[in-house]
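Visitor:
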Amino acid sequence: MSEAPPLLKLAGINTHIGPYHILQGVDLNVPRGELTMLLGRNGAGKTTTLRTIMGLWHASAGAVTFDGADITAWATPDIARAGIGYVPETMGIFSDLTVRENLLLAARSGPIDEARLHWIFGLFPALEKFWSLAAGVLSGGQKQMLSIARAMIEPRKLFLIDEPTKGLAPAIIANMIAAFRELKKSPDTTILVVEQNFLFAKSLGDAVAVMDNGRVVHAGTMAALAEDRDLQHRLLGLHLDQHQ
Amino acid sequence: MTARGTPSLPLLHRDLLPVLLVPAVALAALPLVGSFSTWVTLTLAGLAMGMIIFVIASGLTLVFGLMDVLNFGHGAFISIGAYAAATLVPALAGFLQADSLFYNLVALLALIALAMVVTGLLGYAFERVIIMPVYGQHLKQILVTVGGLIVAEQIIVAIFGPVQIPLTLPTAFRGALVFGDVAIERYRLIAVVVGLIIFAVMLLVLNRTRIGLLIRAGVENGEMVEALGYHIRRLFVGVFMAGSALAGLGGVMWGFYRELLTPAMGMDVMVLAFIVVVIGGLGSVGGCFIGALLVAVVANYTGFLAPKLALVSNILLMALILLWRSRGLYPVAKR
Amino acid sequence: MSALGGILSGNPPRGVALTLILLAILLGLALAPLLFPGMEALNVAAKICYFIVLAASYDLLLGYTGIVSFAHTMFFGIGGYGAGLALYNFGPSWGALLLGTGVALVVAVALALVIGLFSLRVRAIFFAMITLAVASAFSVLASQLSTFTGGEDGRTFRLPQALRPSFHFAAGPFTLSGRILAYYFVFAAALVLFLLLLRVVNSPFGRVLQAIRDNEFRTEALGYRIVIYRSIGNCLAAAAAALAGVLSAVWLRYTGPAVTLSFDIMLDILLMVVIGGMGTLYGAVIGAAIFVLAETYLQNVMAMISHMTAGVPLIPLIFDPDRWLLWLGVLFVLSVYFFPLGIVGRLWRK
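Protein chains in written order, with my numbering: chain A, 5 to 248; chain B, 1200 to 1534; chain C, 158 to 507.
#1: Would you kindly work out how many angstroms separate the C-alpha atoms of residue 248 (chain A) and residue 171 (chain A), rounded to a whole number?
#2: Just list the alpha helix (DSSP H) runs in the stretch 1388 to 1426 of chain B, keeping only unbroken ones of 4 residues or longer that don't cross its boundaries, in chain order.
#3: Can you say whether residue 237 (chain A) is buried or exposed, counting buried as having 16 or more other CB atoms within 10 angstroms of its CB?
#4: Looking at residue 1514 (chain B) and residue 290 (chain C), is the spacing between their C-beta atoms short of 8 angstroms?
#5: So, is residue 1523 (chain B) buried or exposed, given that buried needs 16 or more other C-beta atoms within 10 angstroms?
#6: Three or more C-beta pairs under 8 angstroms: does that hold for the stretch 1246 to 1260 of chain B against the stretch 1409 to 1417 of chain B?
#7: Smallest Cα separation from residue 243 (chain C): which of C:347, C:395, C:274 and C:406?
#8: Output, in chain order, the set of chain A residues within a Cβ distance shorter than 7 angstroms of residue 1425 (chain B).
#9: Measure the alpha-carbon distance for residue 95 (chain A) versus residue 155 (chain A) and round it to whole angstroms.
#10: Hey, out of C:301, C:360 and C:372, whose CA is closest to residue 23 (chain A)'s CA?
#11: Can you have a look at residue 106 (chain A) and say buried or exposed, based on whether 16 or more other CB atoms are within 10 angstroms of its CB?
#12: Let me make sure I understand the geometry here. Which of C:431, C:475 and C:480 has the alpha-carbon closest to that of residue 496 (chain C)?
#13: Identify each residue in the stretch 105 to 123 of chain A for which the Cβ-Cβ distance to at least one residue of chain B is less than 9 angstroms, and report them in chain order.
#14: Return yes when the Cβ of residue 1507 (chain B) is within less than 8 angstroms of the Cβ of residue 301 (chain C), no when it is not.
#15: Going by the CB atoms, is the gap between residue 1497 (chain B) and residue 293 (chain C) shorter than 8 angstroms?
#16: Hey, how far is the Cα of residue 110 (chain A) from the Cα of residue 158 (chain A)?
#17: Using a Cβ-Cβ cut-off of less than 7 angstroms, give me the residues of the stretch 1430 to 1452 of chain B that come near chain A, in sequence order.
#18: If the cut-off is 8 angstroms on Cβ atoms, which residues from the stretch 85 to 99 of chain A count as contacting chain B, listed in chain order?
#19: In the DSSP output, which residue or residues are listed as bridge partners for residue 1286 (chain B)?
#20: Consult DSSP for residue 367 (chain C) and reduce its assignment to one of helix, strand or coil.
#21: Counting only C-beta atoms, is residue 1511 (chain B) closer than 8 angstroms to chain C at any point?
#22: For the stretch 1261 to 1269 of chain B and the stretch 1458 to 1467 of chain B, state whether three or more C-beta atom pairs, one from each stretch, are separated by less than 8 angstroms.
#23: Does the structure place the stretch 219 to 239 of chain C close enough to the stretch 416 to 427 of chain C that three or more beta carbon pairs sit under 8 angstroms?
#24: Given residue 435 (chain C), which residues of its chain have a CB within under 7 angstroms of its CB, disregarding the five upstream and five downstream residues?
#25: Does DSSP classify residue 41 (chain A) as helix, strand or coil?
#26: Nearest CA to the CA of residue 1528 (chain B): which residue from B:1495, B:1491, B:1512 and B:1511?
#27: Within its chain, find whatever has a CB closer than 6 angstroms to the CB of residue 1295 (chain B); leave out the 5 residues flanking it on each side and keep chain order.
#28: So is the beta-carbon of residue 1457 (chain B) under 7 angstroms away from any non-hydrogen atom of the ligand GTP?
#29: Is it the case that the Cβ atoms of residue 214 (chain C) and residue 354 (chain C) are separated by a distance below 8 angstroms?
#30: Rank A:76, A:182, A:206 and A:43 by C-alpha distance to the C-alpha of residue 16 (chain A) and give the top, closest one.
#31: Just verifying my parser: in three-state terms, what is the DSSP assignment at residue 176 (chain C)?
#32: Starting from residue 20 (chain A), follow the beta strand (DSSP E) in both directions and report where the run begins and ends.
#33: So is residue 477 (chain C) in contact with chain B if we call contact Cβ pairs under 8 angstroms?
#34: Step through the CB atoms of chain B and report whether any lies within less than 8 angstroms of the CB of residue 285 (chain C).
#35: For residue 1210 (chain B) and chain C, any beta-carbon pair shorter than 8 angstroms?
#36: Using a Cβ-Cβ cut-off of 6 angstroms (strictly less than) and excluding sequence neighbours within five positions of residue 508 (chain C), which residues of its own chain qualify?
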């Protein structure tokens, strides 16, 4: 674990959605330069946590600190501009726009960087194939790739990725693991991934945090969690080497 | 290395069936109408009327698609545009009465410019004062915009009086070009050209500019656009102003089409605009274009073939289309 | 007290101010012929009566079922035309009136069912726009089928003998003209209809409607078939509106597109319900009273102001008595922002 202060820090975050108290005091540290997995059962509040970080839902209490700045009350576009790339659970693909237009939109500072695009095509060849077609014609897995590619199209300080492997076939998941390994190679890349696929989590995670009932109930290294089967069972109800 | 083919026009991708509707209806009407020359007259009338309605309805559909705002007050901008232009007509009498296409067009352009500026500015005020407080609350939006419509119509009557104001066509716009049996009315031709120019400009802006990209993406998923770092709400006012200005433009064209201004004209056209928006699919400019032409063309054919049915033909058309595609021809907005 | 509570279906108005206002309206209407001599006052009172029913029926639709519809005046027109055409074609008898009312109810409910079912295929937003189009088409149709409906001019007809102005009924020391009897017919019917609507919204059925309005998803999850409840709500509102139309025909002895189908009337009842307070039914009472009184008497006030400011530009135009709707429109917009629960909402004490 790095000794530097965490890139992203949540302290005492509470989020209400209507009358429902979803996040009940979330404390989370996302270390710089590492891939942190956020695990937990359905309904534990993982997606709500990501959305709160992005400002799509506003915390009713607590503070979110990113790269030294308190972004708790910031508007979503400003949070994105601070250097966060967000890949939502629903992918957020614009089906009526072409693949090219989807990426163009994500490249805020102007035209798409050719070298970067080349790199992305290497990881996700399908995007090159469907470049001029409306994104709506892509398969589920390809849409997921496009969503991640959009986050990658420009250098970002932090990636927030919500369940990238949901509903995908194992072969595509293997493809995805390779892509994430590539992504990790970039210098200074910090990634926070919400996942329920434990094989995926174990093969990529450096740090891990587990949520339950709107709180983080465990935080530590992935390696430590991977060795402790009893802890795995207590926290997640099953073992990390079982995959979906 | 990178396989980038010709950029597609997303408005018409993979789903060309609706595009065939208008030509299909027109062709089907030909044997029913019987006479070719009559058919041409009816079809041109339909196209002209359709273009004007498209101009008016396009603002409505974009505003709803992008901002999720139901503006029942859109009709007010139609009337205001027309009446604003009417105030300038006396000053432009020379240009309008000259038997020169050039001078007439210049005058028309001036009238349109005035109408668009007035309605654009009013649109800004309307959006900031009346609509912004009720973003996201559909019921309240319907209520306050209807209220705005009432107030606007009353103010028009207060200023101009409740009587109808005739609006004579500029000299060179009157009459028709005659080819043998077939008469093509000049003003209708002009309306079609104006409509096509506006459609082309809209397509250009939407498909070739970054703002257009933002609008199209925002219509589909505004939240994601924000998450990509864009302050999309700053676009709202601009789009609303554009929509209001287009309504003003449409008002001027409609006033000349009917050669008459009435305080309730906005309301009448607005109902048609709503039907078109529903048929076309909320948020779709292409759907709006096809829908407008369809509604107008069908209205003209039924007006000739079965006059009693003409005014309900819109409803029947809308019902039929909704039975085929329950969210309109090209439903873009994911709501 | 419990008997009164029963009549009011267990939902009496709460708060002194509110109760006083409603009581004043009730007494004013009940004693109108005595308190306010002259035909104009009686006209105003009768108009308030049947507009209360119409506005309350719209509140059932908008405030309780949560459906935004611009086609409500259609049902009002069906009622008016039903009664009017029956009296016109079959002669001025109670039988004709009954027949016309019956047919009107059947047509109104059937139409409400069709529209309701259609609304299921499309989303609520579409539905509002579609009702706008349907209402305008219906209005045009009524004007066009002039041999049947009398076209733009409508139909005048005579009422059953007891309700005619020339009729005189001696009851002890009082002599009541048919006109007064007609008034009390309208008043009594309006009162009964209002109380019935109150009963509907305070019944278990009504509570389910409100649950659907507040949280459709959850109510459906609890096992209630939304479709059925909404359809019934739709039909009840349509039926009540049609009956209001019958009352208007009886009072005016006239039916026509201008007084029943015009979009202005639709806007009027929208104003009444919103200003009075949506989802309260009592709001419809207050809203209707305010609106009709303003329509008649506010104009006099405005004429005065217009006269006083004669020299100033623009001001006299805005205060021209014909522009009373402008001010009501402004009041309407302000009330949506600042009094979303309407006057009743403001005065209701929990």
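Here a beta-carbon is modelled for each residue, glycine too, at the ideal position from N, C-alpha and C.
Guide: In short:
#1: The predicted model places residue 248 (chain A) with a pLDDT of 43, which falls under 50 and marks its position as unreliable, so this point remains unresolved.
#2: Restricting attention to alpha helix (DSSP H) runs no shorter than 4 residues, the stretch 1388 to 1426 of chain B encloses them at 1409 to 1426, ordered along the chain.
#3: Using a 10 angstroms sphere on the CB of residue 237 (chain A), the tally of other CB atoms stays under 16, which defines it as exposed.
#4: Cβ distance < 8 angstroms, so residue 290 (chain C) and residue 1514 (chain B) count as in contact.
#5: That one is exposed.
#6: In this structure the stretch 1246 to 1260 of chain B does not lie against the stretch 1409 to 1417 of chain B, because fewer than three pairs of beta carbons, one per stretch, are closer than 8 angstroms.
#7: Taking only the C-alpha atoms, the option nearest residue 243 (chain C) is C:406.
#8: Among the residues of chain A, those whose CB is under 7 angstroms from the CB of residue 1425 (chain B) are 80 and 81, following chain order.
#9: Whole-angstrom Cα-Cα distance: 11 angstroms.
#10: With distances taken between Cα atoms, residue 23 (chain A) lies closest to C:372.
#11: Per the 10 Å Cβ criterion, buried.
#12: The shortest C-alpha separation from residue 496 (chain C) is found at C:431.
#13: So the list reads 105, 106, 108, 109, 110, 112, 118, 121 and 122, given in the order they occur along the chain.
#14: Yes, these two residues count as a Cβ contact at 8 angstroms.
#15: Between residue 293 (chain C) and residue 1497 (chain B), the gap from beta carbon to beta carbon reaches 8 angstroms or more.
#16: Each residue's Cα considered, the two are about 8 angstroms apart.
#17: Flagged, chain order: 1430.
#18: Contacts with chain B (Cβ-Cβ distance below 8 angstroms) from the stretch 85 to 99 of chain A involve 85, 90, 92, 96, 98 and 99, listed in chain order.
#19: Per DSSP, residue 1286 (chain B) has no beta-bridge partner at all.
#20: Helix at residue 367 (chain C).
#21: Interface residue, yes.
#22: Taking 8 angstroms as the limit for Cβ pairs, the verdict is that the stretch 1458 to 1467 of chain B does not touch the stretch 1261 to 1269 of chain B.
#23: Three or more Cβ pairs drawn from the stretch 416 to 427 of chain C and the stretch 219 to 239 of chain C lie within less than 8 angstroms of each other, which places the two stretches in contact.
#24: For residue 435 (chain C), same chain residues with a beta-carbon under 7 angstroms away, outside a window of 5 residues either side, are 216, 219, 220 and 499 in chain order.
#25: Looking at residue 41 (chain A) - three-state DSSP - the assignment turns out to be strand.
#26: Looking only at B:1495, B:1491, B:1512 and B:1511, the smallest Cα-Cα distance to residue 1528 (chain B) is reached by B:1491.
#27: The answer, listed in chain order, is 1306 and 1369.
#28: What this structure holds is no ligand at all, so the ligand GTP is not there to describe.
#29: Yes, they are a contact pair.
#30: Among A:76, A:182, A:206 and A:43, the Cα nearest to that of residue 16 (chain A) is on A:76.
#31: DSSP places residue 176 (chain C) within a helical segment (H, G or I) once states are collapsed to three.
#32: DSSP places residue 20 (chain A) inside the beta strand (DSSP E), whose first and last residues are 12 to 21.
#33: Answer yes: the Cβ-Cβ gap between residue 477 (chain C) and chain B drops below 8 angstroms somewhere.
#34: Yes, because at least one Cβ of chain B sits closer than 8 angstroms to the Cβ of residue 285 (chain C).
#35: Unreliable positioning characterises residue 1210 (chain B) in this predicted model, as indicated by a pLDDT of 44, which lies under 50. The coordinate reading is nonetheless provided below. Not an interface residue.
#36: No answer is possible for residue 508 (chain C): it lies beyond the span of chain C, which begins at 158 and ends at 507.
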